[in-house]
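What follows is a single structure, written as structure tokens, with notes after it.
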């Protein structure tokens, strides 16, 4: 059976908000969201049991270092990084090629090009027809997957150990030798337009896209991944080829493998299949800035849509980058605020004062979700709220959020809250690294965005060092006297503006 998926990260993120969002440095923060929202109390008890045993597990691993998978890295002459982690007692492997280029590498005119290329990847190469790719993958029982994000283009292949060389060759072929057939371009143009129309029905995705547009106004990070419809209609073969020529460079790529992987052999496969890719004219180490730092803007966008029964709202301040020293502190603060959904009850978030208040007050919201979204050099930290357009008072839920953020800023949080947040972070780490594909995603994403990979043990140590004072200082630095961005979609007539939030935080 063949599995060839070419989903944009907008669609992926819509799914991952339920089952685990973009992977962070060792921790998937929306897996924490999943833990918080789990309707299965038994599952959460198991998670807490896992969390309580994390430290013992970490100590046991240090005592048996021979059994701990090690991430090995090497660099080819053309700058491409090869990373691997061999897992014991498995006969399959996942390999993935990560390119340090997504929609951020585009401009206003060609926005949507990276995602367009993803759609064309499996439509035929100089060495394989579309049918040939599908048959070859099916004949070896492999699986292909791909996605485009704001910062990366990623292709995965999972196969048996003996088929890893062929999987690497196929990844190279579809990435660097796509024929970009004009007929296929026109077919996929219509497919992408339909995809864009479907994504526009996902209100959370619409709101977060607008939030990026407001927070990173007139900057690459503020543009969408699919691009506007007018661009999708006009992107040409030359635009696609130009994007490849400009961004697909050896020093901007990571080939990551996990499972039944021999590192030295993976180097050989990489050299054979990717060694022809040139370096950039002026190579920049992975994890280094590739342009001006994005500037976070204060602003708001209120979109009146009377047909919606609910109002969707996102509030954000500037968050943290992947490599920020306060990265894990931001996740701990996010975990303390937590998440809540009326359909599931207070559930796992009952220790959260905000969850209890929203649960007990039926006039506040249907749900809320705290989020911490990171990029190479910036991030967004805030809240996503869904209210009933007719029944709920948006001002009251804003007051509750401001009260919760001020509670953290004032230091009125308990040690048990801090320990709970840290335990959930570590439990989420263990859950997010289940299987070779998840490990490849974590390994490749870390290396391509920061230049290195933190091991689970290193992440545990960083999380363990977080104190209550760290979280309080972080909250004051990030929330007090800082610009706020706000987006709302639905019945926005009663939605207070950013000044209301800023005044509440700075009072």
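In the UniProt record's numbering, the protein residues as written are 1 to 507.
Note that the Cβ used here is the ideal one computed from N, Cα and C, for glycine as well.
Closest in alpha carbon position to residue 352, among 363, 343, 362, 333, is 333. Leaving aside the five residues that flank residue 130 on each side, the residues in its chain whose CB is nearer than 7 Å to its CB run, in chain order, 122, 123, 124.
Around the Cβ of residue 426, a 10 Å sphere holds 16 or more other Cβ atoms; the residue is buried.
For residue 469, the enclosing alpha helix (DSSP H) starts and ends at 468 to 479. Per DSSP, reduced to three states, the secondary structure at residue 450 is helical.
For residue 82, the secondary structure class from DSSP, reduced to helix, strand or coil, is strand. Boundaries of the alpha helix (DSSP H) harbouring residue 432: 415 to 432, taken from the DSSP string. Judged by their CB atoms, residue 91 and residue 260 are nearer to each other than the 9 Å cut-off.
Taking C-beta atoms as the reference points, residue 312 and residue 206 count as a pair closer than 9 Å. Burial check for residue 191: the Cβ neighbour count within 10 Å stays below 16, so the residue is exposed. The segment 274 to 281 makes no contact with the segment 466 to 486, as fewer than three CB pairs between them are under 8 Å. The residues 337, 475, 479, 505, in chain order, have a CB closer than 8 Å to that of residue 405 in the same chain once the five nearest residues on each side in sequence are set aside. The bridge partners DSSP lists for residue 156 are 96, 145. Inter-residue distance for residue 150 and residue 104 is about 5 Å (C-alpha atoms, whole angstroms). Across the set 440, 95, 154, the C-alpha of 95 shows the shortest separation from the C-alpha of residue 161. Counting C-beta pairs closer than 8 Å gives fewer than three between the segment 440 to 449 and the segment 386 to 402, which falls short of the contact rule. A direct Cα-to-Cα measurement between residue 289 and residue 248 gives close to 17 Å.
For residue 317, DSSP records a beta bridge to 381. In the structure shown, the three-state DSSP call for residue 259 is strand. In the DSSP assignment, residue 397 falls within the unbroken alpha helix (DSSP H) covering 394 to 410. Restricting attention to 265, 400, 295, the CA atom closest to the CA of residue 365 is found in 400. Rounded to the nearest whole angstrom, the C-alpha separation of residue 408 and residue 321 is 21 Å. With 16 or more neighbouring CB atoms inside 10 Å of its own CB, residue 421 falls in the buried class. Per DSSP, the unbroken beta strand (DSSP E) holding residue 303 starts and ends at 299 to 304. Between the alpha carbons of residue 154 and residue 507 lies a gap of roughly 45 Å.
Note that the segment 80 to 87 touches the segment 443 to 462; at least 3 beta-carbon pairs, one per stretch, sit closer than 8 Å. Pairwise C-beta distances place the segment 290 to 305 out of contact with the segment 454 to 463, as fewer than three of them are shorter than 8 Å.
Residue 335 sits away from residue 367, with the two beta carbons spaced by 9 Å or more.
By the Cβ neighbour-count rule, residue 236 is exposed, with fewer than 16 other Cβ atoms within 10 Å of its own. Inter-residue distance for residue 166 and residue 144 is about 12 Å (C-alpha atoms, whole angstroms). Excluding the 5 residues flanking it on each side, residue 214 has same chain C-beta neighbours closer than 8 Å at 222, 297, 299, 300, 301, 485, 486, 487, in chain order.
An exposed status is given to residue 70, since fewer than 16 other beta-carbon atoms sit within 10 Å of its beta-carbon. Residue 183 is classed as exposed because its beta carbon has fewer than 16 other beta carbons within 10 Å across all chains shown. When C-beta atoms of the segment 195 to 205 are compared with those of the segment 168 to 183, fewer than three pairs fall below 8 Å, so the two segments do not count as touching.
A direct Cα-Cα distance of roughly 20 Å separates residue 359 from residue 314. Boundaries of the beta strand (DSSP E) harbouring residue 371: 367 to 374, taken from the DSSP string.
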